[in-house]
Amino acid sequence: MTNEALQQLITSWVPEIECTEEGSQFLTITVVPAKLHDLMRKLKETPETHFDYLFCLTGVDWGQALGVVYHLESTIHRHNIVVKVQTEDREHPTIDTVSDIWATAEFHEREVYDFFGIQFNNHPNMKRIFMTEEWEGYPLRKDYEDEINMIIK
Amino acid sequence: METVIANNNFKSEEYFINMGPQHPATHGVLRLLLTIDGEIIKKVEPDLGYIHRSIEKMCERDSYQQIVHLTDRMDYLSANINNEAVCLAVENALELEIPDRVKVIRTIIGELTRISSHCLWWGVMGMDVGALTTYFYGFRDREMINDIMEETCGARLTMNYNVPGGLMYDIHPNFVNRVKAFITHFKTKIPEYDRLLTDNVIFQKRTQGVGILSKEDAISFGASGPVGRGSGYSCDVRKHHPYSALDRVKFNECLETAGDTFARYKVRIAELWESLSIIEQLIDNIPEGEHRVATNAVIKLPKGEFYQRVETARGELGVYIISTGTKNPYRLKFRSPGFSNLSLLNHITVGGKIGDLVATMATLDLVIPDIDR
Amino acid sequence: MNVPLSITKTIHEWLFSAMNPSVASGVEMVLIALVYLTIFAVLGLFLVLLERRVAAWFQLRVGPNRVGYQGLLQTMADALKLVSKELTGTDRADKFLYNLAPYFVIISALMALAVIPFSREFQAFDINIGIFFLIAVSSIGVIGILLGGWSSNNKFALIGAMRSGVQTISYELSVGLSLLTMILLTGSLQLSEIIEVQKEGWLIAQGHIPAIIAFMIYMIAGTAETNRAPFDMVEAESELGAGFHTEYSGMKFAYFFLAEFINMFLIAAIATTVFFGGWLSPFGITESLPWLGVFWFLMKTFVLVFLMMWFRWTFPRLRVDQLLTLEWKYLLPINLVNIVLMALLVWGNLTLKF
Amino acid sequence: MSYFSDIYNGIKTLLTGMKVTGGYFLKSRKGAITQQYPDNRDTLKMFDRFRGEVIMPHDENNEHTCTGCQKCEIACPNGSIEIIWDRGIDEETGKKKKKIDKFVYHLSLCTMCGLCIDACPTDAIKWGQNFENSVYDRTKLTRVLNKPGSKVRAGVED
């Protein structure tokens, strides 16, 4: 499926998304957290899209907002899409989990939680994965400070 | 410790055991929290982070040339392929035209790296199922590749041979002859691997029907590399998204359908042959030319997002760079193959014995620094 | 007919002529004890060295070659190191059983060593139930392993010990039955008698097909009995760390280690005695020189020991359920059929004698 | 019947495996792949490109080619290189110019990535092939690469 066709199809499902192809080799769509889970399920289950392979899940600190970027590929049609979701709440950011759609998301979401502090709703095992349980702060956030262990050039 | 037990809701027959972080079968500092009933595994929960160095955070303060050397320290057995991934991402972002010579050399060195990684894996696989001698035979062949690497790149493990724009130095004059000598040597050794381990009845009984991963699960768990291909899932990045000189060589994607430990083993052995064939196709016609394109001393990527996928010895490595136009990346994410492959460990080992867990883990071929970036 | 305790007749007679009988037998016992302890230590250290060198040669390495000529003193140095090491133990371990366990293992190995006929004269205790005694004593060792694993207060050690229990109980049957097959030929349990019978040809030749089958079963079961690879479920370093002796250090560990190697020697020595004519020379070529018996005996034993090392450095390890499958589904039924076959052979007088 | 063919095939594969190891056992005398390391020190030669440590070659007049441009210091990802420099008066021209006082190299921080040598415009630093770098005191790993009294070779800066 071409990027235009994909874009049309997805806009027909969820009208309020932003699509762009600028600055990236993939079609990128941005969606609000509330619509994320439905959209993802549709992307996976609709035969025309069939995005069954979540090959990358990245947490990003955009300064104002915290976000997650999902890179999806279809193993049948071999097309890709990037889905972005953002939340403005830096104190208690929450986003719906997609680990029920792609099992690989379980570990990747734990990693994002560990480093960015984004809570994933309905995640089966939402706890830190790399850091110790009692670690304070979320190290990959831009405002994270650690005077002892961090060297800033 | 106490909290772990409290969270596990044991039945009376079950008990809890710590496998790692210092355990011979976990190949590094991986810690597995096992819930066991006698010898039967009820639950496997990996506990990670014992050597997490926060490479992604370090990348945010490093220049693009400096990032390359950090990737050596992720999956140290595919160091060259990791370097290549970052360099390709940067070069694509800068829209640099890379000379053919560089592309061919990168591919040859990448495949050599794959062979050396699989040699080590084969040795360790044998050792994990109890055949200690395989380790040394695997290392003997790996040693030849290490010598080639040392002569050309200057180091045996953390080479840092690729730089954005090409290669740090040109290949050594002995390179071609040494690689050819290695190919002739290694072609007689793979059948020996088969005679010693693959055909062995004990080994086959240990691995067949153990740790079965279905194709659907493989895709859902994001398995890649030999782990995915052992389940019949065509996931070779070299085939689907060819990079460097891989679009001009003929090779087969090694697929097995059984999805068990033995299938994953056979995929890797078959990959040894395929990698040899790729090198053979390229080694005789390395094009003349520059080994490096001049770049600015300070590389600034344009604003945007760049994603590069490569196939390391363990599976798909993704480098995701978000750039704001400065000399450092705003965010750099490594999608490491080991992390996704580890996530399916619990799924495929529950119900097996402790011995099965060890054999299965050996074919997942985990490198812990790759998981704990 | 036999003098129950005799290293050599000359020493025995000299002792009894020099002092009164009760003192003499006391001195003799002490002498024997000293000699066997020395044999035990030297043999153990030598076997460890041999294993390391053989392993190195299989693995394209050089092996220990720095301490002494060609590394001959390497294991001595290792033993010294182990002696000087601190004895660590776990918290809340059962201290009494924990300390007792190594002695079980080592004493059972020593007891078994006593009945092995190194040559016609060189046998401490020629008991008339020799084979039976050996089988009985060799299974005491597993109690030591069980105790060691249990009392260590370590789950890996416990799993190792339980595996050991399962394994030894199963493979004891095959060891016993395969030796029983050969006893049908000899008609005696006494080891010196068994060797006497073989003057007409080694039992493996006398009993041809069933004897060869029995030998193969014996070697497999014997390897399993000593917990060596490919049956080293007990230690299984890639699964259990170090198995039952995870928590042992220093000399206590060394006892387990030495006993393991002595047990391997014992299994090979029994096979030599029962299948390969013990100290008898091949085709009687050195019959006029009886003291060469020790040489022949050791040579045959070391060939078998080498075979076991060859197994160890080639094969992968079995899984615990496959271990039991092999015993109960393959070895045991074949063994039972083999006994019947051997009985028919003896009954029909089809044995080969020279 | 598969019961017996299983046994037969099983034993056959085991013997094949033993043949492989046995073959190596017989050839073991000349086949050892390991090196007798401290004994072969005299014959052990590393490859020319081997990255052992960073060195600064000096010629017979005790001159090096480091101008103190600090490109290596910037290129280093780990801060292993510290250049302590000063402005001295050049004897010929009489102008003030930058020259190095101390070229400090922290081997303990170095990851042997080679970026400093790649960045050096005057080839003042090179890879040394020495790999026996173990010391009892880690302060010994901090080295000053320019020899005492050394100076920049004339003409390098042009």
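Residue numbers (this note's numbering), protein chains in the order written: chain A, 1 to 153; chain B, 154 to 526; chain C, 527 to 880; chain D, 881 to 1038. No residue lacks a Cβ here, since even glycine has one placed at the ideal position from N, Cα and C.
What are the boundary residues of the alpha helix (DSSP H) that residue i is part of?
i: residue 660 of chain C; result: 656–664
i: residue 893 of chain D; result: 882–906
i: residue 777 of chain C; result: 776–801
i: residue 461 of chain B; result: Note, residue 461 of chain B: premise wrong, no alpha helix (DSSP H); beta strand (DSSP E) at 457–464.
i: residue 671 of chain C; result: 667–677
i: residue 847 of chain C; result: 846–851
i: residue 380 of chain B; result: 379–382
i: residue 407 of chain B; result: Here residue 407 of chain B belongs to no alpha helix (DSSP H), and DSSP marks it neither H nor E.
i: residue 359 of chain B; result: 354–360
i: residue 13 of chain A; result: 3–13
Please compile the residues from chain F whose C-beta is within a distance smaller than 8 angstroms of the C-beta of residue i.
i: residue 856 of chain C; result: Among the protein chains of the structure shown, namely A, B, C and D, there is no chain F.
Is there at least one Cβ from chain D nearer than 9 angstroms to residue i's Cβ?
i: residue 840 of chain C; result: yes
i: residue 585 of chain C; result: yes
i: residue 240 of chain B; result: no
i: residue 558 of chain B; result: Residue 558 of chain B falls outside the range modelled here, since chain B spans only 154 to 526, and no answer is possible.
i: residue 837 of chain C; result: yes
i: residue 627 of chain C; result: no
Does residue i come within less than 9 angstroms of chain B when only Cβ atoms are used?
i: residue 700 of chain C; result: no
i: residue 137 of chain A; result: no
i: residue 88 of chain A; result: no
i: residue 140 of chain A; result: yes
i: residue 25 of chain A; result: yes
i: residue 41 of chain A; result: no
Can you tell me where the beta strand (DSSP E) with residue i in it begins and where it stops?
i: residue 962 of chain D; result: 961–969
i: residue 86 of chain A; result: 80–87
i: residue 126 of chain A; result: First-last for residue 126 of chain A: undefined, no H or E at that position.
i: residue 282 of chain B; result: Residue 282 of chain B -> no beta strand (DSSP E), and no H or E assigned at all.
i: residue 986 of chain D; result: 976–986
How about residue i: is its C-beta nearer than 9 angstroms to some C-beta of chain A?
i: residue 424 of chain B; result: no
i: residue 272 of chain B; result: no
i: residue 484 of chain B; result: yes
i: residue 525 of chain B; result: yes
Within a Cβ cutoff of 6 angstroms, which residues of the same chain sit near residue i, ignoring the five residues on either side of it in sequence?
i: residue 716 of chain C; result: 654, 656
i: residue 434 of chain B; result: 402
i: residue 799 of chain C; result: 717
i: residue 620 of chain C; result: 677
i: residue 507 of chain C; result: The first residue shown for chain C is 527 and the last is 880, placing residue 507 of chain C beyond what the model contains.
Output needed for residue i: all residues of its chain with C-beta closer than 8 angstroms, excluding positions within five of it in sequence on either side, in chain order.
i: residue 466 of chain B; result: 228, 230, 231, 234, 266, 267, 270, 271, 274, 378, 518
i: residue 64 of chain A; result: 88
i: residue 858 of chain C; result: 699, 700, 703
i: residue 661 of chain C; result: 698, 701, 702, 705
Is there a C-beta anywhere in chain C that falls below 9 angstroms from the one on residue i?
i: residue 900 of chain D; result: yes
i: residue 914 of chain D; result: yes
i: residue 894 of chain D; result: yes
Tell me which residues share the same chain as residue i and place their Cβ nearer than 7 angstroms to its Cβ, disregarding the 5 neighbours each side in the sequence.
i: residue 687 of chain C; result: 671, 672, 674, 675, 676, 770
i: residue 766 of chain C; result: 682, 685, 686
i: residue 965 of chain D; result: 948, 978, 979, 980, 981
i: residue 131 of chain A; result: 114
**Message:** With three or more C-beta pairs closer than 8 angstroms as the rule, is the segment 832–839 of chain C touching the segment 864–875 of chain C?
**Reply:** no
**Contact the segment 699–709 of chain C vs the segment 737–745 of chain C: 3+ CB pairs below 8 angstroms** = yes
**Message:** Does the contact criterion of 3 or more C-beta pairs under 8 angstroms hold for the segment 379–396 of chain B versus the segment 914–934 of chain D?
**Reply:** no
**Prompt:** Three or more C-beta pairs closer than 8 angstroms, one from the segment 405–425 of chain B and one from the segment 358–375 of chain B: is that the case here?
**Reply:** yes
**Request:** Check whether the segment 207–221 of chain B touches the segment 184–199 of chain B, taking contact to mean three or more Cβ pairs, one atom from each stretch, closer than 8 angstroms.
**Result:** no
**Item:** Segment contact flag, the segment 337–354 of chain B with the segment 300–311 of chain B, C-beta cutoff 8 angstroms, min 3 pairs
**Value:** no
**Message:** My parser needs the alpha helix (DSSP H) runs of 4 or more residues fully inside the segment 185–212 of chain B; what are they?
**Reply:** 208–212
**Asked** Can we say the segment 545–564 of chain C touches the segment 310–325 of chain B, given the rule of at least three CB pairs closer than 8 angstroms?
**Response** no
**Message:** Check whether the segment 599–619 of chain C and the segment 634–653 of chain C touch, using three or more Cβ-Cβ pairs below 8 angstroms as the test.
**Reply:** no
**Prompt:** With contact counted as at least three CB pairs below 8 angstroms, one residue from each stretch, are the segment 90–102 of chain A and the segment 475–495 of chain B in contact?
**Reply:** no
**Request:** Could you pull out every unbroken alpha helix (DSSP H) segment of at least 4 residues lying fully inside the segment 687–759 of chain C, listed in chain order?
**Result:** 717–723, 729–732, 734–751
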